[in-house]
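First residue of the sequence shown: 21, per the numbering used here; consecutive thereafter.
Glycine included, C-beta positions come from ideal geometry on N, C-alpha and C.
All figures in this text were calculated on a predicted structure; none of them were measured in a lab.
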Amino acid sequence: MRLFTGILFLLIMGFFLFIGSCASKEEKKQGVSDQIKISLDTVMIDAGEEFLYLQDQLYSSSLSADKSYLINFNRKDNSAERVDLNELKLERKIQYEKEGPNGIGDYPQFTILPNQHILFWNYQFYKIFDQNGELVRDLELEEIVEEYLGVNEYYARSLQQDERNPERFIALVTHWQSNTEFILDIDLQNQTYKKIDMPDWAKNSERYIKILYDGNDAGGYGTGAYPLLANGNFLVSSNAFNEVHVFDFQSDSVHVQQWDTPLLGYEKEYVPPKTVEYTSGGIKDIERKIGEEISYGSLFWDEKNQRYFRFSDKKRFSEELNEYDSYVSTGADVYLSIFDQEFNLISEAQIPELTQSPNVHFAKGGNIWIFENIDDEMAFVIMKIEDL
Numbered sequence: 021m022r023l024f025t026g027i028l029f030l031l032i033m034g035f036f037l038f039i040g041s042c043a044s045k046e047e048k049k050q051g052v053s054d055q056i057k058i059s060l061d062t063v064m065i066d067a068g069e070e071f072l073y074l075q076d077q078l079y080s081s082s083l084s085a086d087k088s089y090l091i092n093f094n095r096k097d098n099s100a101e102r103v104d105l106n107e108l109k110l111e112r113k114i115q116y117e118k119e120g121p122n123g124i125g126d127y128p129q130f131t132i133l134p135n136q137h138i139l140f141w142n143y144q145f146y147k148i149f150d151q152n153g154e155l156v157r158d159l160e161l162e163e164i165v166e167e168y169l170g171v172n173e174y175y176a177r178s179l180q181q182d183e184r185n186p187e188r189f190i191a192l193v194t195h196w197q198s199n200t201e202f203i204l205d206i207d208l209q210n211q212t213y214k215k216i217d218m219p220d221w222a223k224n225s226e227r228y229i230k231i232l233y234d235g236n237d238a239g240g241y242g243t244g245a246y247p248l249l250a251n252g253n254f255l256v257s258s259n260a261f262n263e264v265h266v267f268d269f270q271s272d273s274v275h276v277q278q279w280d281t282p283l284l285g286y287e288k289e290y291v292p293p294k295t296v297e298y299t300s301g302g303i304k305d306i307e308r309k310i311g312e313e314i315s316y317g318s319l320f321w322d323e324k325n326q327r328y329f330r331f332s333d334k335k336r337f338s339e340e341l342n343e344y345d346s347y348v349s350t351g352a353d354v355y356l357s358i359f360d361q362e363f364n365l366i367s368e369a370q371i372p373e374l375t376q377s378p379n380v381h382f383a384k385g386g387n388i389w390i391f392e393n394i395d396d397e398m399a400f401v402i403m404k405i406e407d408l
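In structure tokens form, the structure reads like this:
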């Protein structure tokens, strides 16, 4: 989604904005600010003579550990676009094979590892490649964790390497039938693993909607699970509850940090039905009700200032339907929450100049970078947080 023309004008002008929201007196006593002073700017990526693949809105991309570059994957031709975020230009394209000894298969997920290699994975496929398209290592997780990663009933939403121990991988796994999530702590050296349950996650599963088509199972619609590996922790959050599940690498334990704030509350009030018949047309009304309430975004880590950011939003819709028979979103109220490294809320406010749900975003150099497609070119809106 694109910011409105008026917003882009503000970005170009680089105006400073003062943003406030209401907070209780008790919250202020606890040191929580309801004021965030920011500046906004926009930068363009120089692709030279190439055309960057933007159809997936950077949802199939990964950042390097130092955030000096990102790799955007073109699923149409299995190429990876390496974009230098310091020089703001396309550095090079990397071609990967679909089949053969160096094949990565169809539509894999991927992440850049701390050593710059790339881990691609899919069902029963977990392999590391270099940035020249060559296979480096087959992790063989489908054999080590055969019960969960060797079958199609489970899927690894996220697979991350512990930067302090390259033989340790952490996975967030979904069981499709029950719509439950759990964590796998995998030790490659000893060929063992531990399954870590998240007991408080069950309330997310209770909001899962089973979609029927003429009475037959046709998929579902859930709250989503947002994983993040940062600051020695593996975090999992959802869009329905104002909380985060924290898996501590040192203690091998999970605890839940919850917030209930005057601005964003603790949870979505609307609880959808357990099932909906697709042919009834009711799914679009359910989607709108869910979207109109607060949706909590995923946390992302600002290593420079040792703090977490999170966007949340409430969408607005017209009565117009798109090609997928869903109501067209006309905008959103966007909120920014800032937490310290212990997950204490520092500040929370609405950002009125952001009138659409933010696209792919991350923290770099203490600022927030938000992807923007401007006339089919890759750009980033850079939000600088002032004087917190």
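Helix, strand or coil: how does DSSP classify residue i here?
i, result
"Ser271", "coil"
"Tyr73", "coil"
"Leu169", "helix"
"Arg308", "helix"
"Pro282", "coil"
"Phe400", "strand"
"Ile371", "coil"
"Leu161", "helix"
"Tyr89", "strand"
"Thr299", "helix"
"Pro260", "According to the sequence provided, residue 260 is Ala. The question's Pro does not apply to it. Coil."
"Asp407", "coil"
"Asn236", "strand"
"Lys223", "helix"
"Met64", "strand"
"Gly317", "strand"
"Trp389", "strand"
"Lys109", "strand"
"Asn251", "coil"
"Asp150", "coil"
"Ile124", "coil"
"Thr243", "coil"
"Gln136", "coil"
"Leu192", "strand"
On the CB-based measure, 16 or more other CB atoms within 10 Å of its CB, does residue i come out buried or exposed?
i, result
"Thr243", "buried"
"Cys42", "The predicted model places Cys42 with a pLDDT of 37, which falls under 50 and marks its position as unreliable, so this point remains unresolved."
"Gly120", "exposed"
"Asp395", "exposed"
"Pro372", "exposed"
"Ala352", "buried"
"Pro219", "exposed"
"Ala191", "buried"
"Gln180", "buried"
"Tyr79", "exposed"
"Tyr127", "exposed"
"Asn262", "buried"
"Asp333", "buried"
"Gly301", "exposed"
"Asp86", "exposed"
Taking the C-alpha atoms as reference points, what is the distance between residue i and residue j?
i, j, result
"Val432", "Glu340", "Any answer about residue 432 is impossible in this case: the structure gives the chain only from 21 up to 408."
"Lys288", "Tyr241", "15 angstroms"
"Asp234", "Ala260", "29 angstroms"
"Ser178", "Lys324", "24 angstroms"
"Phe391", "Ile306", "28 angstroms"
"Phe71", "Ser349", "28 angstroms"
"Lys294", "Tyr228", "7 angstroms"
"Phe359", "Ile124", "38 angstroms"
"Leu232", "Val193", "24 angstroms"
"Tyr168", "Gln211", "14 angstroms"
"Val274", "Asn387", "29 angstroms"
"Phe337", "Asn379", "18 angstroms"
"Asn5", "Ile405", "Limits of the chain in this structure are 21 at one end and 408 at the other, which puts residue 5 out of reach."
"Met403", "Ile366", "17 angstroms"
"Ala258", "Val276", "In the sequence as presented, Ala is not what sits at residue 258; that position holds Ser. Between Ser258 and Val276, the C-alpha separation is close to 12 angstroms."
"Ala383", "Lys309", "30 angstroms"
Which residue wins for smallest C-alpha separation from residue i, given the options the options?
i, options, result
"Leu108", "Glu289, Val165 and Val63", "Val63"
"Arg188", "Gln151, Tyr174, Ala176 and Asp205", "Asp205"
"Asn152", "His137, Phe261, Lys404 and Gly285", "His137"
"Asp280", "Val264, Ile371, Pro372 and Ser271", "Val264"
"Gly239", "Lys230, Pro247, Glu362 and Ser377", "Lys230"
"Lys215", "Glu226, Thr200 and Ile310", "Thr200"
"Ala176", "Ile203, Arg95, Asp76 and Asp237", "Ile203"
"His381", "Thr375, Gln278, Leu319 and Tyr290", "Leu319"
"Gly68", "Ser84, Asn94, Glu111 and Asp54", "Glu111"
"Gln209", "Asn224, Lys334, Pro186 and Trp389", "Pro186"
"Val401", "Asp61, Ala369 and Tyr355", "Asp61"
"Asn98", "Leu83, Asn106, Met398 and Glu117", "Glu117"
"Asp150", "Tyr355, Phe130, Val165 and Asn253", "Phe130"
"Val291", "Ile114, Val276, Gln278 and Glu312", "Glu312"
"Met398", "Val52, Asp54 and Ile65", "Ile65"
"Arg330", "Ser377, Asp272 and Tyr344", "Ser377"
"Ala222", "Tyr213, Val171, His195 and Leu248", "His195"
If you measure from the CB of residue i, is any heavy atom of the ligand PLP nearer than 6 angstroms?
i, result
"Ile390", "The ligand content of the structure shown is nil, which means the ligand PLP is not present either."
Three or more C-beta pairs below 8 angstroms linking the region 158 to 178 and the region 135 to 149: yes
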